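In terms of the working numbering, the sequence shown is numbered consecutively and its last residue is 294. C-beta: ideal position from N, C-alpha, C; glycine also. The model shown is predicted, which means the values in this text are computed figures rather than measured ones. Below is one structure, written out as structure tokens; comments come after it.
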Amino acid sequence: SIMMILNIVIGAFGAHGLKLYLDEYGTIIYNKGVAYSFYNSLGLFAVAFIHSLIPTSAKLIKGYYFVLIGTLIFSFSLYILSLTKIMWLGAITPIGGVCMIIGWIFIFVAIYKDLK
Numbered sequence: 179s180i181m182m183i184l185n186i187v188i189g190a191f192g193a194h195g196l197k198l199y200l201d202e203y204g205t206i207i208y209n210k211g212v213a214y215s216f217y218n219s220l221g222l223f224a225v226a227f228i229h230s231l232i233p234t235s236a237k238l239i240k241g242y243y244f245v246l247i248g249t250l251i252f253s254f255s256l257y258i259l260s261l262t263k264i265m266w267l268g269a270i271t272p273i274g275g276v277c278m279i280i281g282w283i284f285i286f287v288a289i290y291k292d293l294k
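What follows is the structure, given as structure tokens:
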């Protein structure tokens, strides 16, 4: 739920507080970070529920943390990139994306194998 609060605050800040500071490219990049964070936060709510059904699944817990860390790396690198135009941050963003993909694979495997 903390991530959802952050999504609302960061999204509102971007829409209202940064309107004068972000160009079109910056706005697109910033909003992409907000969107990925929002959707992964919703997914992590579902994972928390599934964890109540299979609380001993190490794969599920690993997946949760991979998605969480990946989302933070992905989204925050985009927020900083949109505000600073430090282009090498664009090279960090895919690391977050790969972490998210690995996490969702762990979660899929946990659900498929452990929730029988």
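Tell me the residue span of the alpha helix (DSSP H) that contains residue i.
| i | result |
| --- | --- |
| S235 | Taken as a continuous stretch (DSSP letters only), S235 belongs to no alpha helix (DSSP H), as it is neither H nor E. |
| G189 | 180-190 |
What residues in its chain sit with their C-beta under 7 Å from that of residue i, if we drop five residues either side in the sequence?
| i | result |
| --- | --- |
| L246 | L222 |
Compare the C-beta of residue i with all C-beta atoms of chain C and state if any pair is closer than 8 Å.
| i | result |
| --- | --- |
| I279 | In the structure shown, chain C cannot be found, because there is only a single protein chain. |
In this structure, does DSSP put residue i in helix, strand or coil?
| i | result |
| --- | --- |
| I285 | helix |
| Y290 | helix |
| S255 | helix |
| I327 | Since the first and last residues shown for the chain are 179 and 294, residue 327 lies out of range. |
Between the options, which lies nearest to residue i when the distance is taken from Cα to Cα?
| i | options | result |
| --- | --- | --- |
| A236 | A190, V212, I279, A288 | A288 |
| L220 | I206, A193, W282 | W282 |
| I270 | G248, Y290, F284, I285 | G248 |
| F284 | T234, I251, Y242 | Y242 |
| K291 | T234, A190, V187 | T234 |
| I206 | I228, F227, F244, K263 | K263 |
| S179 | Y217, K294, V276 | Y217 |
I'd like the list of long-range same chain contacts for residue i, defined as Cβ closer than 8 Å, with 5 residues on each side in sequence excluded.
| i | result |
| --- | --- |
| L200 | G192, Y208, S260, L261 |
Since residue i and residue j are thought to touch, with beta carbons under 8 Å apart, how far apart are those beta carbons, to the nearest angstrom?
| i | j | result |
| --- | --- | --- |
| L267 | S255 | 5 Å |
| T274 | I239 | Reading the sequence as shown, one finds Gly at residue 274 and not Thr. Not confirmed; about 19 Å, so no contact. |
| S215 | M181 | 7 Å |
| N185 | V225 | Contact doesn't hold; Cβ gap of about 16 Å is too wide. |
| I188 | Y257 | 7 Å |
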